[in-house]
Each structure stands twice: as structure tokens, then as C-alpha cells.
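Undergrad: I'd like to ask you about the structure that follows.
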Amino acid sequence: MKQKISCLLIDDDRDDQEIFKIALQDVNDEVHFVAADDGVEGLQLLQSGEHGTPSFIFLDLNMPRMTGKDCLAAIRSQPHLSGIPVVIYSTSSDPKDIQDTKALGATDYVVKQYSITSLKEILRRFFN
Numbered sequence: 001m002k003q004k005i006s007c008l009l010i011d012d013d014r015d016d017q018e019i020f021k022i023a024l025q026d027v028n029d030e031v032h033f034v035a036a037d038d039g040v041e042g043l044q045l046l047q048s049g050e051h052g053t054p055s056f057i058f059l060d061l062n063m064p065r066m067t068g069k070d071c072l073a074a075i076r077s078q079p080h081l082s083g084i085p086v087v088i089y090s091t092s093s094d095p096k097d098i099q100d101t102k103a104l105g106a107t108d109y110v111v112k113q114y115s116i117t118s119l120k121e122i123l124r125r126f127f128n
């Protein structure tokens with residue numbers, strides 16, 4: 001039996017969560033999608049195992065309570081989570097953010113798109 005693909009989006013912007021979910025469903029409606037409102041909640045979800053282990057984590061950088069960089073470092077420090085691909089999903093295109101997150105173990109870096117069509121193109125790389 002094929003294991004279901006799942007995606008955890010950690011992003012404090014509810015509109016961005018909804019747009020991401022719609023684009024993801026259009027790309028692959030079989031992906032189980034879960035969203036967390038910040039890094040603290042995302043880590044709690046990952047620790048609880050309530051939704052299983054995600055196939056991919058998409059992580060915003062600029063969030064309250066815990067930054068995306070701090071959340072990424074926490075994910076990478078835990079052996080049972082360290083192998084999950086973490087894609088930074090941010091409005092920042094600053095080369096320093098890209099360099100810093102790659103150094104912390106990010107798998108990829110995606111700048112948030114202003115077009116749902118562009119977002120779908122990016123998500124196809126991961127979920128097709």
C-alpha cells in the first residue's frame with residue numbers, strides 16, 4: 001500500500017495558508033495538508049505525531065513567537081525529524097536569508113508567489 005503524501009505548512013498568515021492549500025489541492029488533491037500558525041505550534045504538531053510525520057514541511061521565516069530560522073534549527077536538531085525535507089517559504093528574497101537557511105539545513109528555498117499559477121508551478125516540483 002502506497003504511503004499517503006503529507007505536507008505541513010508553518011505560516012502565521014491565514015490567507016497564505018489558504019492560497020497554499022488551494023494551489024496544493026489543484027496540483028495533487030491526494031496530499032494530506034496541515035497548517036500551523038507559527039513555529040511553536042508547528043513543533044508541537046511534529047512532536048505530538050497527531051498527523052503523522054509529514055513528507056514535506058514548508059516554513060515561513062517571519063513569524064511571531066519563533067522565527068522560521070529558529071524553528072528550522074529545532075527541527076534539524078531532532079533525529080526523528082531531521083530527514084524531513086524543509087522548504088523555506090518566505091516573502092524574503094534576501095541572499096543572506098537563503099544562505100543562512102541552507103546552512104541550517106533547509107532543503108530548498110521558495111519565494112512566495114503573487115500568482116496562484118506560479119505557486120502551482122513550484123508545488124508541482126514537490127508533489128507531482
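Those letters in the sequence shown? Residues 1 to 128, by the UniProt record's numbering.
We put the CB at the ideal spot given by N, CA and C, even for glycine.
1) Exposed or buried, which one is residue 4 when buried takes at least 16 other CB atoms within 10 Å?
2) Going by Cα to Cα distance, which pick from 105, 124, 39, 37 is closest to residue 86?
3) In the DSSP assignment, find the unbroken beta strand (DSSP E) run with residue 35 in it and report its ends.
4) Going by the beta-carbon positions, is the gap between residue 11 and residue 70 smaller than 8 Å?
5) Between the stretch 109 to 119 and the stretch 71 to 84, can you find at least three pairs of beta-carbon atoms closer than 8 Å?
6) Sort out for me which residues DSSP pairs residue 108 with in a bridge.
7) Thinking C-beta only, is residue 88 closer than 8 Å to residue 54?
8) Which residue marks the beginning of the alpha helix (DSSP H) containing residue 6, and which one marks its end?
9) In the structure shown, what three-state DSSP assignment does residue 59 receive?
TA: In terms of the structure at hand:
1) exposed
2) 105
3) 32 to 36
4) no
5) no
6) 87
7) no
8) Element bounds for residue 6: not the alpha helix (DSSP H) but the beta strand (DSSP E), 6 to 10.
9) strand
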